[in-house]
Each structure stands twice: as structure tokens, then as C-alpha cells.
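In the working numbering, the protein residues as written are 7 to 281.
Quick reminder that beta carbons are idealized off the backbone N, C-alpha and C, glycines included.
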Amino acid sequence: MKTNDMIKTNRKLQQQLTEENNAYYGDLLIYLRAKGAMKKEAVIEEKALEILTDILDAQRDGISAEAYFGKEPQEIANDLLSFSPISLMDFLKLALIALGSYSLFSILPALIFPENDIDFGSFMVVGLYSFISAITLFWFISKGVYAKKKKQSNMLLGILGTLLFLGGTLLAIFIKTPLTVELPGPVGILTILTLLIVMSILFFTQNNEDKQMWSTFIPLILVCATIGILSRISYFSKYFETTMGKYIVVAILLISAIFQYLIVYLQTKKMKNIP
7 MKTNDMIKTN RKLQQQLTEE NNAYYGDLLI YLRAKGAMKK EAVIEEKALE
57 ILTDILDAQR DGISAEAYFG KEPQEIANDL LSFSPISLMD FLKLALIALG
107 SYSLFSILPA LIFPENDIDF GSFMVVGLYS FISAITLFWF ISKGVYAKKK
157 KQSNMLLGIL GTLLFLGGTL LAIFIKTPLT VELPGPVGIL TILTLLIVMS
207 ILFFTQNNED KQMWSTFIPL ILVCATIGIL SRISYFSKYF ETTMGKYIVV
257 AILLISAIFQ YLIVYLQTKK MKNIP
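Written as C-alpha cells, this is what we have:
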């Protein structure tokens, strides 16, 4: 079974768990995935699915997950992880996800105005920072799953995530390098179209669940791309340079950001309501 199929099957089978067993297995699954972020994903998901199957079998016999596996599921998870091989490909995948996420929220918006240069040196620095931040968050999540003071741990996780995001934002603002490229006129339009094609290919190669998650960002991406293209066409560029034109662009971006937030909020709420 492919990794994506195992994840999908896992999600469906979890719906059969009792509330108590779901809480037990949910923590175990988060711990396995967070601490095993650089392990071979297929092995982690296979072991997680095996544990879930055992819990369901015990549940049908009237035995709880805690009674079946014990009160120390962290030890079980650590034993499984110790035998799971490190995967360079999955490690690279994590790096590309971090770099791709940064690209999505930095390069395309930066292309909105032709006068903006693309600093590839800064991009690489912040991309590396994003990867390190992702590893740090995975580590912190694994430490917090079985922490004695779970609420405080979750609060610290939120604070850490916010600080790491702000750190990345400040790096992007203040770090400047000579590795800059100007993208005016046709060159900028071609770059935007190329990015859209690459993003489209990546989007359509995802499974349905990942497509649903990434689809929430489509409106904002299309708005940024459209403004970036129009601002490089001489017929529209003169208007974009006026004060009124800049105000309209800012207003459109603000409305798009609010709309983006609403889509993410509704999508998250919908996922929470799934039994």
C-alpha cells in the first residue's frame, strides 16, 4: 500500500474508535509523525496503521487501547522509531516543503510590483531558516504530546510558532544580498506564468486531501499573479503608478487576505466537524 493510501485508510479507520481510544491513539500518532519527521515515512505510517488495527481488534473485544498497549505508549513509539530507518528522500521532501511554503508566500507577492527586485540570496537564507524552524517545531510537538502540563506546552508551542514566523519575516525584510534579479516587463510576466505552471503541476500531483488543503490558497495566489502581470503591461502600468491605483491595489490585497482567512477558517471548522 502506498504511503498516501495508508494515511487515507488510517484517517477512515480512526472514525471507528471510541472517544477514549481516539484520544490515546491520536497522541500516539502525533508523536510518531513528529518525532519521526526525518525517518522513512512509509515505515512510520505502516507501523501506525498496524497499531490502529490492533486497537480496533481489542476494542471489538471490549478492551481499551490503554489496557491493551499499556499506560506508557511513548515507550512503544520510541521502540518503533528506533527500528525505523532515516530516509534522505523524506528529509529532502521536508526541506522542499519548507522552501516551497516560503516561496509561495514570498516570491509571488514580491512580483506584484515591477520595481521590486528578487533577492535570491535572501530567499536561500530564509528558506534554510524555514527548514530549521520546521524541524524545531516537530521536535517541540513530540516533546509536548506526553508532557505533564499539556496546556502549558500547547501554549508554548503557539508562542514558539509565532516567534519563528516573526523571525522569518524579519530575516526577509532586513537581510539583503547582491544576488538580486530585476524582473520588469515581459521577463516578469514570463516568470509569474512559469511559477503558476510549476505550482499547478505540483498541485495536480497531490492526493485529494492535500489538494483540498492547498486549494484554500488559490484565490490569493491568482490575485497576486494577476496584479503582477497587469502592472507590467504598459496599458495598465501607468494607472498602477498613480496614488489612486496603489490604494486600489492595497485594498484588493487586503480584501483577498481577509477572504483567504475566511476560507482557511471555514475549511478548518469543516475538518473539525468530521466525525
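Pairwise C-alpha distance: residue j and residue i
i      : j      : result
Phe119 : Ala153 : 47 Å
Lys34  : Ala83  : What sits at residue 34 in the sequence shown is Leu, not Lys. Whole-angstrom Cα-Cα distance: 7 Å.
Ser237 : Ser139 : 34 Å
Ile224 : Ser70  : 43 Å
Leu201 : Leu208 : 11 Å
Leu137 : Gly68  : Strictly speaking, residue 137 in this sequence is Phe, with Leu absent from that position. Taking the straight line joining both Cα atoms gives about 44 Å.
Ile258 : Ala73  : 56 Å
Leu98  : Thr142 : 16 Å
Pro91  : Asn28  : 27 Å
Ser204 : Ser221 : Per the sequence shown, the amino acid found at residue 204 is Val instead of Ser. Taking the straight line from one Cα to the other gives about 15 Å.
Ile36  : Glu81  : 14 Å
Same chain, Cβ closer than 7 Å to residue i, neighbours up to 5 away in sequence not counted
i      : result
Met12  : Glu51, Glu52, Leu55
Arg17  : none
Gly251 : Tyr245
Val255 : Ile233, Phe246
Phe144 : Ala40, Ala43
Nearest-angstrom Cβ-Cβ length linking residue i and residue j, presumed shorter than 8 Å
i      : j      : result
Gly76  : Val132 : Not a contact, Cβ separation roughly 44 Å.
Gly234 : Gly194 : 7 Å
Lys45  : Ser148 : Between Ser148 and Lys45 the Cβ distance is about 12 Å, and since that is not below 8 Å, they are no contact.
Tyr31  : Leu23  : 6 Å
Leu117 : Leu62  : That belief does not hold up - the Cβ atoms of Leu117 and Leu62 are roughly 50 Å apart, past 8 Å.
Cβ neighbours of residue i in the same chain (closer than 6 Å, five flanking residues each side left out)
i      : result
Ser128 : Ile181, Thr183
Burial state of residue i, where buried means 16 or more other Cβ atoms lie within 10 Å
i      : result
Val187 : exposed
Pro79  : buried
Glu47  : buried
Phe171 : exposed
Ile57  : buried
Phe89  : exposed
Gly150 : buried
Val229 : buried
Met277 : For Met277, the predicted structure reports a pLDDT of 49, less than 50, and the residue's modelled location is therefore unreliable. A value from the coordinates is still provided. Result: exposed.
Asp60  : exposed
Own chain residues within Cβ distance below 8 Å of residue i, not counting five before or after
i      : result
Asp123 : Thr186, Val187, Glu188, Leu189
Where the alpha helix (DSSP H) containing residue i begins and where it ends
i      : result
Asn27  : 25-41
Asn122 : Per DSSP, Asn122 belongs to no alpha helix (DSSP H) and is neither H nor E.
Met12  : 9-20
Ile92  : Looking at the DSSP string, Ile92 is not in any alpha helix (DSSP H), and its letter there is neither H nor E.
Cutoff 9 Å: residue i Cβ touching any chain D Cβ
i     : result
Ile57 : Of the protein chains in this structure there is only one, and it is not chain D.
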